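Below is one structure, written out as structure tokens; the observations come after it.
Chains as they are written, first to last, in this note's numbering: chain S, 820 to 1202; chain X, 820 to 1202.
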């Protein structure tokens, strides 16, 4: 999608600082005082405050889900789904997206200043969880004057937050959409994240997480982490279709330059990621995902997590070629929702684009979302 | 498999230095003078020199396919298949395995001394190919007095060598066994190798490949490379079955220690690999695999590669859960062999162990290999 084809959209943004008497309590047992949450919004809250939608972002994304990203100048990551005439429409919905706790786009994270020391937190920042991210969002939403969200929507790690919302705040949401996600991280999910963390921590410029004090950044390690992760976002078929064994130049280099286009592409993915993301945030957010296991927090029975969410309308979407969070994980969510007595629409979308399909041109996803949100909106009396 | 259950096996080993007038010519256009090939053998060549078997090793393995590894003290990597009463039996076969060119277990590689400079080759070592590895093996085998091999056998990169043998020296082999392999590296295969190479080259101790001169080794980078690769050797199901979300200790650490058993396992895989493998060899051998595309060297038609191999008996084995070299790659090999008029037995073995199944306890693999080699041996007049 190019800038030219992106319809203009009004974007508000700001940073909300938690009041002094409202720390964010953490699953680890600690708390964060004076937490700041950086948010963006599209559309306006209606008179009866019934049209608010919380959009939850994935691991390396941020609050700029639509509009133009102020740093990159590129369209927001879900411009396909948010905008005039799109499933999430600022003319109908008040759409809010906030940078997660632990992030690096304005919300409090390991790169923020620790008020106690006056220096960046680094590894002194507490380990946070998906539950902590969601608790912070719930406080932000309340501060915005919204007691019940029309919908909570997200893909990948954003979908984990949606599920956590359904477990923790079912009475504060009317509907839920989770795309390309899972209710827990598998051993393989954890393994890939651990490779990334080890790559970062192996970089001498990481300096035990204190790189901010030394003026450097563990860019090489972070780039390797991103390269490894990026492979898991694409399907084998998509990689083969896009790149195959195509060369960068005529003939092989007979050396270790990027001979193959797929090598050049991966190197670019690594290098450009370093420009926009913080290494310690990557450690903390991947850790939060690895710790995520919604069933474990409910006696090992996923349906128990959704026991109070039977009045929430769910839409669960997965992609056939997603091997990071494959359809079987979505089916487990749907089975648990059914067992809990909740309404759940489930669509497995045929796509060869892998996990990243949730960010790409997938007409069936757009149609499914539009249909689900229209029906939920009608039930909510929105349009 | 423990030492106690390994039947004793007589192992010869040595290093063969190419005669001064026989350099190894390389696909890159260069040559290596005075190449050394480190080999091991089991059993004896029979009177009519018809019982020789060449076993080809995978990326990080070596010539110690059976017996006891002189460095690690552990059983050879294919002890399940090589030994008294096994499919490859020293009582019947003269089994030879040689460390590949570019390796680090005694054959000439980037860690060897460059005779021109008197220092380790490092990145001045020429880029080698699977074809170069096989050409060196052919010269070694000839020097051993073997003009026709009874069988060429290998798994993973070893299987690539088997296919290359069939393309380049079909008249010098009676049968061929390739397990868990492919006739070319896909974009995803290349991508994972590139992550590993970037991890090594990002390590400041790599020093542009000249670490041997500085007394250090890029251990952290090599460990990360191994961790990423190791995930591709196992299936998602095997990782989940072996580790799931099991913790190392009671409760989470709320930090970046190895909380999950799969993290600890991966870290161990990385650390122990560094003790036994050379980082530059890893670069060179992964490069050789990425360059491998047997069809491309034959006008883009894989069957053309096997045109002269129609008298060779082939056995192709794959594993259902191998996502590194999935069954579809083996089927392409079999189709090409059929198109070329060669005899090919093909078995897809049900296993949840992933790519590494070819090294593990897989009774169907052992039975298939035994059956194939028995029939081929009878046709060859071996027993």
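Yeah, the Cβ is synthetic: ideal placement off N, Cα and C, and Gly gets one too.
These numbers come from a predicted model, not from an experiment.
Cβ pair residue i, residue j closer than 8 Å
{"i": "residue 1064 of chain X", "j": "residue 1075 of chain X", "result": "no"}
{"i": "residue 858 of chain S", "j": "residue 916 of chain S", "result": "yes"}
{"i": "residue 901 of chain X", "j": "residue 884 of chain X", "result": "yes"}
{"i": "residue 894 of chain S", "j": "residue 862 of chain S", "result": "no"}
{"i": "residue 1260 of chain S", "j": "residue 1167 of chain S", "result": "Chain S is shown from 820 up to 1202; residue 1260 of chain S falls before or after that span and cannot be answered."}
{"i": "residue 935 of chain X", "j": "residue 926 of chain X", "result": "no"}
{"i": "residue 829 of chain S", "j": "residue 950 of chain S", "result": "no"}
{"i": "residue 941 of chain S", "j": "residue 929 of chain S", "result": "yes"}
{"i": "residue 1005 of chain X", "j": "residue 1059 of chain S", "result": "yes"}
{"i": "residue 969 of chain S", "j": "residue 871 of chain S", "result": "yes"}
{"i": "residue 988 of chain S", "j": "residue 957 of chain S", "result": "yes"}
{"i": "residue 1130 of chain S", "j": "residue 1176 of chain S", "result": "no"}
{"i": "residue 1201 of chain S", "j": "residue 869 of chain S", "result": "yes"}
{"i": "residue 1062 of chain S", "j": "residue 1093 of chain S", "result": "no"}
{"i": "residue 986 of chain S", "j": "residue 1125 of chain S", "result": "yes"}
{"i": "residue 1031 of chain X", "j": "residue 1182 of chain X", "result": "no"}
{"i": "residue 972 of chain X", "j": "residue 875 of chain X", "result": "yes"}
{"i": "residue 1196 of chain S", "j": "residue 911 of chain S", "result": "yes"}
{"i": "residue 1028 of chain S", "j": "residue 1099 of chain S", "result": "yes"}
{"i": "residue 1117 of chain X", "j": "residue 1088 of chain X", "result": "no"}
{"i": "residue 1132 of chain X", "j": "residue 913 of chain X", "result": "no"}
{"i": "residue 907 of chain X", "j": "residue 1152 of chain X", "result": "no"}
{"i": "residue 1077 of chain X", "j": "residue 1067 of chain X", "result": "yes"}
{"i": "residue 1148 of chain X", "j": "residue 1001 of chain X", "result": "yes"}
{"i": "residue 933 of chain S", "j": "residue 882 of chain S", "result": "no"}
9 Å Cβ cut-off: residues of chain X touching residue i
{"i": "residue 954 of chain S", "result": "Near residue 954 of chain S there are no residues of chain X at all, since even the closest Cβ is about 16 Å away, more than 9 Å."}
{"i": "residue 1179 of chain S", "result": "Near residue 1179 of chain S there are no residues of chain X at all, since even the closest Cβ is about 18 Å away, more than 9 Å."}
{"i": "residue 864 of chain S", "result": "Within 9 Å Cβ-Cβ: nothing; residue 864 of chain S doesn't reach chain X, min ~37 Å."}
{"i": "residue 900 of chain S", "result": "In chain order: nothing, as chain X lies at least about 28 Å away."}
Minimum Cβ-Cβ distance from residue i to chain A less than 8 Å
{"i": "residue 1005 of chain X", "result": "Absent from the structure: chain A. Protein chains present are S and X."}
Interface residues of chain X facing residue i [CB-CB closer than 7 Å]
{"i": "residue 1074 of chain S", "result": "946"}
{"i": "residue 1039 of chain S", "result": "1021"}
{"i": "residue 1097 of chain S", "result": "Correct list: empty, because the minimum Cβ distance to chain X is about 15 Å."}
{"i": "residue 1071 of chain S", "result": "1110"}
{"i": "residue 959 of chain S", "result": "Simply none; closest approach about 24 Å."}
Contacts that residue i makes with chain X (C-beta to C-beta distance below 8 Å)
{"i": "residue 1112 of chain S", "result": "1064"}
{"i": "residue 892 of chain S", "result": "Going along chain X, no residue has its Cβ under 8 Å from residue 892 of chain S, so there is no contact; the nearest lies around 28 Å."}
{"i": "residue 1050 of chain S", "result": "1007, 1010, 1011, 1014"}
{"i": "residue 1058 of chain S", "result": "1005, 1006, 1007, 1010"}
{"i": "residue 1068 of chain S", "result": "Within chain X, no residue comes near residue 1068 of chain S; the closest Cβ sits about 14 Å away, beyond 8 Å."}
Contact belief for residue i with residue j at Cβ below 8 Å, rounded distance in angstroms
{"i": "residue 1010 of chain X", "j": "residue 1042 of chain X", "result": "No, residue 1010 of chain X and residue 1042 of chain X are not in contact; Cβ-Cβ is about 19 Å, not under 8 Å."}
{"i": "residue 975 of chain X", "j": "residue 995 of chain X", "result": "No, residue 975 of chain X and residue 995 of chain X are not in contact; Cβ-Cβ is about 15 Å, not under 8 Å."}
{"i": "residue 1114 of chain S", "j": "residue 1003 of chain S", "result": "6 Å"}
{"i": "residue 860 of chain X", "j": "residue 1095 of chain X", "result": "Rounded, the Cβ-Cβ distance is 22 Å, inconsistent with contact."}
{"i": "residue 1107 of chain X", "j": "residue 947 of chain X", "result": "5 Å"}
{"i": "residue 1173 of chain S", "j": "residue 1052 of chain S", "result": "6 Å"}
{"i": "residue 1101 of chain S", "j": "residue 1163 of chain S", "result": "Incorrect: roughly 32 Å between the Cβ atoms, too far for contact."}
{"i": "residue 1012 of chain S", "j": "residue 1109 of chain S", "result": "6 Å"}
Listed by chain order, chain S residues near residue i by CB distance under 7 Å
{"i": "residue 1081 of chain X", "result": "1006, 1009, 1010"}
{"i": "residue 1127 of chain X", "result": "Those within 7 Å of residue 1127 of chain X in chain S number zero; the least Cβ separation is about 24 Å."}
{"i": "residue 1055 of chain X", "result": "1005, 1007"}
{"i": "residue 1043 of chain X", "result": "1014, 1017, 1018, 1021, 1043"}
{"i": "residue 1047 of chain X", "result": "1014, 1047"}
Residues that residue i contacts on chain S, provided the C-beta gap is smaller than 8 Å
{"i": "residue 1102 of chain X", "result": "1075"}
{"i": "residue 1106 of chain X", "result": "1075"}
9 Å Cβ cut-off: residues of chain S touching residue i
{"i": "residue 982 of chain X", "result": "None at all; the shortest Cβ gap to chain S is about 16 Å."}
{"i": "residue 1188 of chain X", "result": "The premise fails here: residue 1188 of chain X is roughly 28 Å from chain S at the closest Cβ pair, so nothing lies under 9 Å."}
Interfacial residues, the region 1009-1028 of chain S to chain X, with Cβ spacing under 8 Å
1009, 1010, 1011, 1013, 1014, 1016, 1017, 1018, 1020, 1021, 1022, 1023
Is the region 834-843 of chain X in contact with the region 1002-1022 of chain S, if contact means three or more CB pairs nearer than 8 Å?
no
Going along the region 962-979 of chain S in order, which residues come within less than 8 Å of chain X, judged by CB to CB distance?
none
Taking a cut of 7 Å between CB atoms, which residues from the region 822-853 of chain S lie near chain X?
847
Cβ contact (3+ pairs, closer than 8 Å) linking the region 1133-1144 of chain X and the region 1182-1193 of chain X
yes
Within 8 Å of chain S by C-beta, residues of the region 867-892 of chain X in sequence order:
none
Determine which residues of the region 1119-1148 of chain X have a Cβ less than 9 Å from any Cβ of chain S, and write them out in chain order.
1142, 1145
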